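full-length UniProt numbering numbers the first residue of the sequence shown as 1 and each following residue consecutively.
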Amino acid sequence: MDKLNLTEEEWRNRLSPEQYHVLREGGTERAFTGKYNSNKADGVYYCAGCGAELFDSGEKYDSGSGWPSFTAPVDIDAVDELRDSSHGMIRTEVRCAKCEGHLGHVFPDGPGVGGLRYCMNSASLDFKPRDEAE
């Protein structure tokens, strides 16, 4: 996958302030405030920073955490996972493999076959209904 490398000024022009905070600064939106937390429509979730395909609605479930949660990405190569020891915890950060934007974290408490919960920020995602998905 080709990487998307932009300057900070280009990122600021491309993203809303909230998207910039989440994707480029590793921020987190408040629980239950994101526009996709309760979204149940059939479709595909893309990176809000670069448009890479990340998650399918068929893998989305209501985790009760307050953030959109998925059991798996569309392709394991669509995301990168990194050790995150910030805030006095050890977690696994999830980033877009194409633009390296912060998406959220993955936890080992999901319901799927792999037992994972990809807990994402709505601000890091764009959603397209299945009939509009690329």
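Virtual Cβ for every residue (Gly too), placed ideally from N, Cα, C.
All figures in this text were calculated on a predicted structure; none of them were measured in a lab.
Tell me whether residue i is buried or exposed, calling it buried when 16 or more other Cβ atoms sit within 10 Å of its Cβ.
{"i": "Ser16", "result": "exposed"}
Flag this pair as yes or no: are the beta carbons of residue i and residue j separated by less than 8 Å?
{"i": "Thr71", "j": "Glu53", "result": "no"}
{"i": "Gly66", "j": "Phe32", "result": "yes"}
{"i": "Cys119", "j": "Gly104", "result": "yes"}
{"i": "Leu125", "j": "Ala78", "result": "no"}
{"i": "Ala97", "j": "Asp80", "result": "yes"}
{"i": "Gly26", "j": "Pro68", "result": "no"}
{"i": "Tyr36", "j": "Phe127", "result": "yes"}
{"i": "Arg30", "j": "Tyr20", "result": "no"}
Between which two residues does the alpha helix (DSSP H) harbouring residue i extend?
{"i": "Val22", "result": "Pro17 to Glu25"}
{"i": "Glu53", "result": "That residue, Glu53, is in no alpha helix (DSSP H); its beta strand (DSSP E) goes Glu53 to Asp56."}
Residue i and residue j look like a contact to me (Cβ under 8 Å); what is the Cβ gap, rounded to whole Å?
{"i": "Ala41", "j": "Pro129", "result": "6 Å"}
{"i": "Glu10", "j": "Ala123", "result": "Not confirmed; about 18 Å, so no contact."}
{"i": "Arg95", "j": "Leu82", "result": "7 Å"}
Bridge partners of residue i, per DSSP?
{"i": "Ser69", "result": "Tyr61 and Cys119"}
{"i": "Val79", "result": "Cys96"}
{"i": "Asp2", "result": "DSSP output for Asp2 lists no bridge partner at all."}
With a threshold of 7 Å (Cβ to nearest heavy atom), would residue i be considered close to the ligand ATP?
{"i": "Arg30", "result": "The ligand ATP is not part of the structure shown, which contains no ligands of any sort."}
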